[in-house]
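In the numbering used here, the protein residues as written are 1133 to 1279.
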């Protein structure tokens, strides 16, 4: 079962160069801001598809940068990304819910949510990244002018 979904996008050299001209923390925060916006449709779809028995699982679906210790260990094996956002369940029962067990069949909601909304997420990244880089560059230039 895949723990992370990686997407490679090409042809964005100008945006990458523009990000490279910003301080590292500013560039990372800019990317995270765009990735958070892009994750919203996936999170909403996941919640809509989540089983509604108690509502606890649906409420546990969140978007963020924090990982559990196990997820962080697995991510270190894969290599560090410059900026990451994760959509997932904070409920320990989320993995058995998504993939099933030897006793219970899977009731996936995360994987189908990603499949249904990944194009929307990538479209948001394409539309928002340039604008966010421009805003960050303007804020940085204003900061330099003051200081």
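No residue lacks a Cβ here, since even glycine has one placed at the ideal position from N, Cα and C.
From the DSSP secondary-structure annotation, give me the bridge partner or partners of residue 1219. 1195
Start and end residues, alpha helix (DSSP H) containing residue 1178: 1156 to 1181
Nearest to residue 1250 by alpha carbon, out of 1212, 1163 and 1219? 1219
On a Cα-Cα basis, can you pick out the residue from 1201, 1246, 1216 and 1181 that is closest to residue 1224? 1201
Environment of residue 1153 [buried if 16+ CB atoms lie within 10 Å]: In the assembly as shown, residue 1153 is an exposed residue. Its beta-carbon has fewer than 16 other beta-carbons within 10 Å.
Same chain only: Cβ atoms within 7 Å of residue 1134, ignoring 5 sequence neighbours per side: Bear in mind that the predicted position of residue 1134 carries a pLDDT of just 46, short of 50, making it unreliable; the figure below should be weighed with that in mind. Around residue 1134: no qualifying Cβ.
Indicate whether the contact test is met: 3 or more Cβ pairs, each with one atom in the region 1180 to 1197 and one in the region 1144 to 1163, closer than 8 Å. no
If we ignore side chains and look at the alpha-carbon of each, how far apart do residue 1177 and residue 1268 end up? 30 Å
Looking only at C-alpha atoms, which of 1266, 1196 and 1185 sits nearest to residue 1170? That would be 1196, whose Cα lies nearest to the Cα of residue 1170.
Whose CA, out of 1206, 1149, 1184 and 1168, lies closest to the CA of residue 1239? 1184
Local conformation of residue 1203 per DSSP, three classes: helix
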